[in-house]
Structure formats: C-alpha cells, structure tokens
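Numbering (this note's numbering), first residue to last: 15 to 307. No residue lacks a Cβ here, since even glycine has one placed at the ideal position from N, Cα and C.
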Amino acid sequence: MANGGPVQHGCPHLETVRAAITALYKRLSYDTVQTFSTSVAPADVAFCDTDDLHLGAQRVAREIVRHFRLPDARLIVGFREMTHAANVELAAGPEYFVELNDRFRTHRRDIGAALAHEVAHVYLHRLDLTFPTTAENEILTDTVTTYLGAGWLLLDAFREDAVSSQKLGYLTPEEFGYVLAKRALLFHEDPSVWFTSPQAYDAYVKGMALARRDEQQPPLTGAGWAGRRRYAHDRRHVAGVQPTAPYAFSPDTAGQLRVSFSCPTCHQRIRVPVKGRVRARCGLCRTVLECDT
Ligand SMILES: [Zn+2]
Ligand SMILES: [Zn+2]
Numbered sequence: 015m016a017n018g019g020p021v022q023h024g025c026p027h028l029e030t031v032r033a034a035i036t037a038l039y040k041r042l043s044y045d046t047v048q049t050f051s052t053s054v055a056p057a058d059v060a061f062c063d064t065d066d067l068h069l070g071a072q073r074v075a076r077e078i079v080r081h082f083r084l085p086d087a088r089l090i091v092g093f094r095e096m097t098h099a100a101n102v103e104l105a106a107g108p109e110y111f112v113e114l115n116d117r118f119r120t121h122r123r124d125i126g127a128a129l130a131h132e133v134a135h136v137y138l139h140r141l142d143l144t145f146p147t148t149a150e151n152e153i154l155t156d157t158v159t160t161y162l163g164a165g166w167l168l169l170d171a172f173r174e175d176a177v178s179s180q181k182l183g184y185l186t187p188e189e190f191g192y193v194l195a196k197r198a199l200l201f202h203e204d205p206s207v208w209f210t211s212p213q214a215y216d217a218y219v220k221g222m223a224l225a226r227r228d229e230q231q232p233p234l235t236g237a238g239w240a241g242r243r244r245y246a247h248d249r250r251h252v253a254g255v256q257p258t259a260p261y262a263f264s265p266d267t268a269g270q271l272r273v274s275f276s277c278p279t280c281h282q283r284i285r286v287p288v289k290g291r292v293r294a295r296c297g298l299c300r301t302v303l304e305c306d307t
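Structure, rendered in structure tokens:
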C-alpha cells in the first residue's frame, strides 16, 4: 500500500472501479456478496494508545480476517521502516506476513485501515481474482475492501488540514466515497456515522451524489427530464448516438431495436427491447430495473 505524496482528488479510476465491482459479482455471485451485509464495526477495530502494539495489531488483524471469512488464515503483523505504508506476502498460507510502516506505531488508529487493505489482498489471492496490472490490482483491492464492508476505514484515514494531509490506499477520497455509497445503497447502510474525519465525510457525500447519478441514467425511469429528452431524441436518430452516451442502440437478430446500458448496481451490461415501459432484472446482481425505453 502506498504512502505519502499529495492527495489526488476526483475520479480518475472510475472505469476500473466499476469493472472491479462487476468482476467481484462475477467471482462471488449475488448470494456471497449478500453475506457481507454487515460492515466491520468501529468497536471491533478500535485501537487505543494504551493497548499493547503487537497484541493490538494481531487482534485487529483477526477481526478483519474474520470479516472476510478466512477462518484458517493467520496474519503475522510486524513493523519496520519502509517507504510503503504496508505490505503483505502472498504465499500459499495459512500464515501471511504483513509489514506495517513504523509510523503506525504512533498512528495506531489507522492500523485497521492498513490491515483491511492487506487482508483484502489475501482474500483476492485466495479467490484468484486479479486484474492485469499492479496498478489495476490495487484499485481492485481497494474497491473490494470497500464494497465488502471494511473500506470505510481507509476513507476515514483520509485527513487534511492547512499544513498536512494523509491518505491510505489507491482510490481517491471521492472514489472511496463512491464505492462506499454504492454499498450503502445496496444494503441500506449509513456509514457516515462512523467517520471521525470531516474530510472523509465530505468525500462520501460527493461519492453518494455520483452513485445516485448511476441510478438516474436513461433508459432507467429514475432519469431526469433532460436525460429522458435526450434519450427520446437519440432513439429517433440511432445512428447519431454519441459513443459517450450511457446507452447504445442495436437491432437484435429479428430486427427489433434494443438498447444496452450499464446496470446501476454492478455495471454489467444489460440489453432490453425498445418498447416503452420494460422491467428488467440484472442477471448478475439481481437488481430490478424499471426502464422507459
Ligand atoms: Zn495493496
Ligand atoms: Zn447488476
């Protein structure tokens, strides 16, 4: 996990984040994702300065290992001087060696966040779910950590004031907020009450606005007036639809026009006939989609 440097904002990794959510559903299935309806509780990973450093780190690691249902995995947590924030050795297991940057000795409240990311690496390693490049794998890891209920810790580790800033993980704060919001919408959860960092809360609010926008794209009935108007126009001029549009038209084998768009929950591509009101169900995440095609 990276450490330091200026904090990047915005959503430069959004496509990879969305691909990571789709890949997670494909690998885990709807049923397994549903078993992660409860997030890591703040009390379970709390770490006060009077706690023994090593025993405390092992305790927090055990909690996160339990959260990811890795019963036989054992994390051996050590501290050393290093440029990265944390690192895990992905071996055959069941023992995994995690190194944390020495600075966590005095920043204990962020140890849960660092371990959440490293345990997610172990989880993905065991699932054999990977993306082609190291950079994409880190995005996948942060996205999965957050979508499955441990990543709010990473966002909460983001703090900024006039003279300093700190952030853990590879997603920007707004991207963490986005994935967290998608999780919140799925499980009707309100993670905002757990934040200790005001900047994390702000990023969550921005992420939620973006997540809601996914549900407001035509042909979904949640689309706003302007979107519906544009859609109606595009439907009449199919050849002129911009490649950046959130939907695409194409005829099926019988010549009937169909529209394809991303599922607002899992971003799997959905195709439905163009024939007015249509109710579709995403085959991957089972979200019921009310469309006006
Ligand atoms: Zn990593
Ligand atoms: Zn879906």
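Assumed close pair residue i, residue j - CB separation to whole angstroms, cut-off 8 Å
i: Val54; j: Ile90; result: The pair is not a contact, with the Cβ atoms about 20 Å apart (cut-off 8 Å).
i: Tyr218; j: Gly191; result: 4 Å
i: His135; j: Thr120; result: The Cβ separation is near 24 Å, so there is no contact.
i: Thr186; j: Gly24; result: 6 Å
beta-carbon residue i near ligand 1 non-hydrogen atom, thresh 7 Å
i: His377; result: As displayed, the chain neither begins before 15 nor continues past 307, which places residue 377 out of reach and without an answer.
i: Glu152; result: yes
i: Thr30; result: no
i: His23; result: no
i: His131; result: yes
i: Thr155; result: yes
i: His135; result: yes
Close Cβ partners of residue i (< 7 Å) along its chain, the five nearest in sequence each way excluded
i: His247; result: none
i: Leu143; result: Ala37 and Arg41
Sequence-distant residues of the same chain with beta carbon closer than 6 Å to residue i, five excluded per side
i: Gly126; result: Val59, Val74 and Leu167
i: Gly70; result: Phe61
N- and C-terminal bounds of the alpha helix (DSSP H) containing residue i
i: Val3; result: Any question about residue 3 goes unanswered here, given that the chain covers just 15 to 307.
i: Phe190; result: Pro187 to Phe201
i: Leu114; result: From DSSP, Leu114 is part of no alpha helix (DSSP H) but of the beta strand (DSSP E) over Glu109 to Asn115.
i: Ala149; result: Thr148 to Tyr161
i: Leu129; result: Ile125 to Leu141
i: Val31; result: Leu28 to Gln48
Residue i CB to nearest heavy atom of ligand 2 below 7 Å
i: Leu38; result: no
i: Leu298; result: yes
i: Cys277; result: yes
i: Thr301; result: yes
Sequence-distant residues of its chain with Cβ nearer than 8 Å to residue i (five each side left out)
i: Asn10; result: The structure shown does not extend to residue 10, since the chain is modelled only from 15 to 307, so the question has no answer here.
i: Leu67; result: Phe93, Arg119 and Arg122
i: Gly290; result: Asp306 and Thr307
Span of the beta strand (DSSP E), counted from its first residue to its last, around residue i
i: Thr306; result: In the sequence as presented, Thr is not what sits at residue 306; that position holds Asp. Note, Asp306: beta strand (DSSP E), Val302 to Asp306.
i: Leu89; result: Arg88 to Arg94
i: Arg83; result: From DSSP, Arg83 is part of no beta strand (DSSP E); its letter is neither H nor E.
i: Ala294; result: Arg291 to Arg295
i: Leu271; result: Leu271 to Ser276
Exercise for the section: Count the C-beta pairs between the stretch 255 to 262 and the stretch 221 to 238 that are closer than 8 Å, then say yes if the count reaches three, no if not. Expected result: yes
Exercise for the section: Could you say if the stretch 198 to 215 and the stretch 169 to 185 meet the contact criterion of at least three C-beta pairs nearer than 8 Å? Expected result: yes
Handout entry: At least three beta-carbon pairs within less than 8 Å, the stretch 191 to 205 to the stretch 22 to 38
Key = yes
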